[in-house]
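A.B. asks: Going letter by letter, the sequence shown gives residues 32 to 198 in my numbering. The C-beta atom is built at its ideal place from N, Cα and C for all residues, glycine as well. For clarity, every value in this text was computed on a predicted model and none was experimentally measured.
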Amino acid sequence: MTNAEGILINDEDRMTNDEGMTKSGSQKASGADDSFRNEDAESVVREEPEKNRVYDLEERTARFGETIIEFAKTIPQNPVTNRLISQLVGAGTSVGANYVEADDSVSKKDFLKSIGTCRKEARETKHFLRMIARAVPELKVQARELWMEAREQHLIFSRIWRGRKNE
């Protein structure tokens, strides 16, 4: 095959996606990303490459809940953290449960109530992640990653809630 200038090129040198990367360039990019991942990458929502990010909210919120559970298991238990762990797991897993409820709602009022609860639970999750980062400073990096996902979910549900409320 030849390019626009008439130069002979092979299949590996052709553009393979919208970003203009060659096949070999895209392989290098994914290899670099793989070296950054944790070995337990499946349980960490935010460490997926941009192109594989989950946009199905039911799946995304379920994965987030699972990740919160796994993170909670790493928090050392003591009188300060026990209550925080319980609250974090409750709020972090409730986001997905309330989204499923919203998805199955039968009225606009019911939908808005459930989406509003998703917003509140995502925001509450952010709060408890912040408290855990203070109580267990060595978990601050992991708590921050989860906090960023909780923030994104809060923004998503806030936008959905405002959009449907104003319809």
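Decide if T92 is buried, meaning its Cβ has at least 16 other Cβ atoms within 10 Å, or exposed.
C.D. replies: buried
A.B. asks: Give the straight-line distance between the Cα atoms of N196 and N109, rounded to the nearest whole angstrom.
C.D. replies: Checking the sequence, you will find Lys at residue 196 rather than Asn. Answer to the nearest angstrom: the Cα atoms are 43 Å apart.
A.B. asks: Take F188 and list the residues in its own chain whose beta-carbon comes closer than 7 Å to its own, dropping the five residues that flank it on each side.
C.D. replies: I146, C149, R150 and A153
A.B. asks: If you follow the alpha helix (DSSP H) that D134 is in, where does it begin and where does it stop?
C.D. replies: P110 to D134 is the extent of the alpha helix (DSSP H) around D134.
A.B. asks: Using the Cβ count rule (16 or more neighbours within 10 Å means buried), how would you classify L186?
C.D. replies: Exposed.
A.B. asks: Does DSSP put S138 in a helix, in a strand, or in coil?
C.D. replies: coil
A.B. asks: Below 8 Å on the Cβ atoms is my guess for L170 versus I106; work out the distance and round it to an integer in Å.
C.D. replies: 6 Å
A.B. asks: Cα separation between S136 and L143?
C.D. replies: 9 Å
A.B. asks: For the alpha helix (DSSP H) containing E97, list its first residue and its last residue.
C.D. replies: L88 to T105
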